[in-house]
Amino acid sequence: MGTDSTTAGGRSNWFADRSLTTKLLASVLVACLTTGVVLAVALARMATLRDSAEQIQSQAIVPILNASEIRRSYIQARVDSLADQTLAKDASSAEHQAWLKDITAMNAALDAYGKNNLTASERETLDDLRKNWNSFTDIVSNQLIPLGWAGKVSEWMPIRSQKVKPIATQIQADIDKLIASSQARVTAQMKANADDYATARNTVIATAVIGMVLAALLALLTIRGIISAVRKVSTVVDRIADGDLTHSAEVNSEDELGQMARGLDAATERLREMVGAVANSAQTLAGSSEELTTVSKQIAASSEETSTQAGVVSEAAEHISRNIQTLASGAEQMGASIGEISSNATEAARVASDAVQAATTASTTINQLGTSSAEIGNVIKLITSIAEQTNLLALNATIEAARAGEAGKGFAVVASEVKDLAQETARATEDIAKRVHVIQGDAGHAVEAISRIGDVIGRINDYSMMIASAVEEQSATTSEMVRNVAEASTGASDIAGNITSVAAAAQETNTGIADTNRAAEDLARMGSELQQLVGRFKY
Numbered sequence: 001m002g003t004d005s006t007t008a009g010g011r012s013n014w015f016a017d018r019s020l021t022t023k024l025l026a027s028v029l030v031a032c033l034t035t036g037v038v039l040a041v042a043l044a045r046m047a048t049l050r051d052s053a054e055q056i057q058s059q060a061i062v063p064i065l066n067a068s069e070i071r072r073s074y075i076q077a078r079v080d081s082l083a084d085q086t087l088a089k090d091a092s093s094a095e096h097q098a099w100l101k102d103i104t105a106m107n108a109a110l111d112a113y114g115k116n117n118l119t120a121s122e123r124e125t126l127d128d129l130r131k132n133w134n135s136f137t138d139i140v141s142n143q144l145i146p147l148g149w150a151g152k153v154s155e156w157m158p159i160r161s162q163k164v165k166p167i168a169t170q171i172q173a174d175i176d177k178l179i180a181s182s183q184a185r186v187t188a189q190m191k192a193n194a195d196d197y198a199t200a201r202n203t204v205i206a207t208a209v210i211g212m213v214l215a216a217l218l219a220l221l222t223i224r225g226i227i228s229a230v231r232k233v234s235t236v237v238d239r240i241a242d243g244d245l246t247h248s249a250e251v252n253s254e255d256e257l258g259q260m261a262r263g264l265d266a267a268t269e270r271l272r273e274m275v276g277a278v279a280n281s282a283q284t285l286a287g288s289s290e291e292l293t294t295v296s297k298q299i300a301a302s303s304e305e306t307s308t309q310a311g312v313v314s315e316a317a318e319h320i321s322r323n324i325q326t327l328a329s330g331a332e333q334m335g336a337s338i339g340e341i342s343s344n345a346t347e348a349a350r351v352a353s354d355a356v357q358a359a360t361t362a363s364t365t366i367n368q369l370g371t372s373s374a375e376i377g378n379v380i381k382l383i384t385s386i387a388e389q390t391n392l393l394a395l396n397a398t399i400e401a402a403r404a405g406e407a408g409k410g411f412a413v414v415a416s417e418v419k420d421l422a423q424e425t426a427r428a429t430e431d432i433a434k435r436v437h438v439i440q441g442d443a444g445h446a447v448e449a450i451s452r453i454g455d456v457i458g459r460i461n462d463y464s465m466m467i468a469s470a471v472e473e474q475s476a477t478t479s480e481m482v483r484n485v486a487e488a489s490t491g492a493s494d495i496a497g498n499i500t501s502v503a504a505a506a507q508e509t510n511t512g513i514a515d516t517n518r519a520a521e522d523l524a525r526m527g528s529e530l531q532q533l534v535g536r537f538k539y
C-alpha cells in the first residue's frame with residue numbers, strides 16, 4: 001500500500017507540476033480523444049451494419065426473391081400445362097407455346113436460385129426440386145398433353161392423379177422449404193444486426209461516459225490546483241497588507257502559479273530582512289541620539305564653567321589695574337585661574353572630540369538607514385513586477401477561458417480573482433513605497449542635521465584651541481608681570497582682552513550646544529517615527 005500511495009502522490013505531483021496551458025489542453029484533449037473514439041466506434045459499427053445489410057441483400061433477400069420467382073413460375077406452369085392439356089389441339093396452339101415458355105422460365109428461376117450462396121440443406125432441396133420438376137415436365141409433356149389433345153380423358157385422369165399430383169405436391173413442399181430457409185436466414189441476419197447495433201450503442205455510450213468522466217476529473221484537478229494556489233497567495237498578500245511578514249504561500253507545484261508563489265515568498269523573505277535591518281538601524285539611531293544629547297549636556301556644563309572662570313579672571317585683571325602693589329598676589333591667583341582654565345579647555349576639547357565621533361556614528365547609521373530603505377524599494381519593485389506578471393497571467397488565463405467557451409467560464413472566474421489579487425498587491429506595494437520614500441526623506445534631513453552638528457562641534461573644538469592658546473599667553477604674561485612690574489598694566493589689558501574672547505567663545509559654544517540639542521531631538525523624533533513605522537510589521 002505504501003508503494004501505491006507513493007506512486008499516486010508522484011502522479012499527482014507530476015500533473016500539478018505541469019503548466020496551466022498543459023492542464024487546460026489535457027482536459028480538451030481528453031474530450032477530443034473521447035469524441036474521436038466515439039466517432040471511430042460509430043463508423044466501425046456503421047460499416048459492420050452496412051456489411052450486414054449487404055449480406056442480407058445477397059444471402060437472404062435475393063434467395064427469397066429467387067424462391068418466390070420459382071413458386072410463381074411453377075404455379076404459372078401448372079396453370080398453362082392444364083390449359084395446354086384441355087384446350088390446345090396441337091403443338092402450334094398458344095396454350096402449348098405458353099407451356100413451353102413456362103418450362104424455360106422455371107428452369108431459369110432454378111438456375112438463378114442455384115447461383116446463391118446456399119447451405120448444404122438448401123442445395124439438397126434444390127437438387128430434389130430439379131429432379132421432381134424434370135419428372136413433372138416429362139410426364140406432362142409426353143403423356144398428359146398428348147392424351148389431352150387426343151381427348152382420352154379416361155387414360156389422362158389416372159396418370160394425372162397417380163403420377164403428376166404426388167410430384168406436384170413434392171415440388172410445392174420443396175419450394176416452401178426453400179422459402180422458409182431463406183426467411184430463417186433473414187431472421188437470423190436481422191437478429192445479428194440488432195445485436196451489432198446494441199453492442200455499438202453500448203460501446204459508444206460507455207466510451208462517451210468514460211471520456212466525460214476523465215475530462216471532468218482533469219478539469220476538477222486543474223481547478224482545485226489553481227484555486228488552492230490562489231487562495232494561499234491571497235492569504236499571504238492579505239497578511240502582507242496587514243503588516244504580517246511571517247507567512248509564506250508554500251505552493252510546491254512547478255506551474256506558473258507555483259513560480260509566482262515562490263517569487264512572492266522570496267520577496268516576503270527579502271522584505272522581512274529589510275524591515276529587520278531598518279528596525280535595528282532605528283534602535284541604533286535612537287541610542288546615538290541619546291548619546292549625542294549627553295555629550296551636548298557635557299559641553300554645555302564645560303562652557304558654563306569656562307564663562308565663570310573668565311569672570312574670575314576679569315575681576316583679577318581689574319584688581320591688578322587698581323592696585324599694582326598687590327601684583328604678586330594677583331599673579332598667583334591668576335596662575336591658579338589659568339591652570340583651571342587650561343584644565344577646562346582640555347576637557348572641552350575632549351568632549352568636542354567625543355561629540356564629533358558621536359555625530360560620525362549617527363551619520364553612518366542614517367546612511368545605513370537610507371541604504372536599507374533603498375533595498376526595501378528594490379524589494380517593492382520585485383513585488384510590483386510579480387503583481388504585473390500575475391496580472392498578465394490572469395489576462396492569458398481569461399483569453400484561454402474565452403477560447404474554451406462554456407467549459408472555460410470557471411477558469412474565467414479564477415483568472416478574474418487572480419487579477420484582483422495582483423491589483424491589490426500593487427496597491428499594497430505602492431503604499432509601502434510611499435512610506436519608504438518618507439523614511440528616506442527623513443533620513444536625508446537627519447544627515448543634514450548631523451552635518452550641522454559636526455560643524456558646530458568643530459567650531460567648539462576651534463574655540464577650545466583658542467582658549468588653550470589664551471591660557472598659554474596668560475602664563476607668559478604672568479611671568480612677564482613677575483619679572484617686570486612696569487609692564488603689569490599692559491599685561492592686565494591683554495588679560496582683559498583675552499578674557500573677553502574667552503567669554504565670546506563660551507557664548508558661541510552655548511549657541512552651538514543649543515543647535516546640537518535641537519538636532520539630537522530631531523534625531524530622537526525621527527528614530528521614534530521610524531520605530532513606529534517598522535512596528536507596524538510583524539517579521
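Numbering (full-length UniProt numbering), first residue to last: 1 to 539.
Even for Gly, the Cβ is constructed at its ideal location relative to N, Cα and C.
Here the structure is a predicted model, which is why all the values come from computation and not from measurement.
When the alpha-carbon of Pro-63 is set against those of Arg-452, Lys-177, Asn-142, the nearest one is in Lys-177. Taking Thr-268 as the centre and dropping the five residues before and after it, the same chain places the C-beta of Val-236, Ile-240, Leu-245, His-247, Ser-248 closer than 8 Å to its C-beta, in chain order. A check of alpha carbon separations from Thr-308 across Gln-283, Glu-340, Gly-287 identifies Glu-340 as the nearest. For Asp-244, the beta-bridge partners assigned by DSSP are Lys-538. In the three-state scheme derived from DSSP, where H, G and I count as helix and E and B as strand, Ala-91 is classed as coil. For Asn-252, no alpha helix (DSSP H) run applies, since DSSP gives it neither H nor E. Rounded to whole angstroms, Lys-538 and Asn-378 show a C-alpha spacing of 20 Å. When DSSP states are grouped into helix, strand and coil, Asn-117 belongs to the coil group. Around the C-beta of Ala-504, fewer than 16 other C-beta atoms lie within 10 Å, and the residue is accordingly described as exposed. Counting every other CB atom within 10 Å of its CB across the protein chains shown gives Asn-116 a total of 16 or more, marking it as buried. Taking a contact as a CB-CB distance under 8 Å, the pair Ile-145 and Asp-84 counts as one, their CB atoms being some 6 Å apart. Short of 8 Å from the beta carbon of Val-164, and not among the five residues preceding or following it, lie these beta carbons of its own chain, in chain order: Phe-136, Ile-139, Val-140, Leu-144. Where Glu-155 is concerned, the enclosing alpha helix (DSSP H) starts and stops at 153 to 159. Taking a C-beta distance under 7 Å as the contact criterion, Asn-132 and Ile-167 qualify as a contact pair. CA-CA distance, Ser-234 to Glu-291, rounds to 45 Å. An exposed status is given to Met-157, since fewer than 16 other beta-carbon atoms sit within 10 Å of its beta-carbon. Cβ neighbours of Ala-88 within its own chain (closer than 7 Å, five residues either side excluded): Glu-95, His-96, Trp-149. Taking C-beta atoms as the reference points, Gly-263 and Ile-432 fail to come closer than 7 Å. For Glu-256, the closest of Arg-435, Ala-109, Asn-396 by C-alpha to C-alpha distance is Asn-396.
Non-local beta-carbon contacts of Gly-211 in its own chain, meaning distances under 8 Å to residues more than five positions away in sequence, involve Val-30, Ala-31, Leu-33, Thr-34, Thr-35, Val-37, Val-38 in chain order.
Inclusion of Gly-527 and Ala-279 in the CB contact set at 7 Å is not warranted, their separation being larger than that value.
Ranked by Cα distance from Thr-203, the options Ala-40, Arg-403, Ala-402 are led by Ala-40.
Residue nearest to Leu-129 within the set Met-106, Ala-112, Asp-174 is Asp-174 (criterion: CA-CA distance). Remark: C-beta atoms of Glu-424 and Leu-24 do not approach each other more closely than 7 Å. The C-beta of Arg-160 has 16 or more other C-beta atoms within 10 Å across all chains shown, which makes the residue buried. Here the alpha carbons of Ala-520 and Asn-391 stand approximately 47 Å from one another. The C-beta distance from Ser-73 to Ala-98 rounds to 12 Å, too long to meet the 8 Å contact threshold.
For Ser-141, there is no enclosing alpha helix (DSSP H), as DSSP marks it with neither H nor E. Remark: C-beta atoms of Gln-389 and Ser-281 do not approach each other more closely than 7 Å. A Cβ-Cβ contact shorter than 7 Å links Thr-429 with Thr-384.
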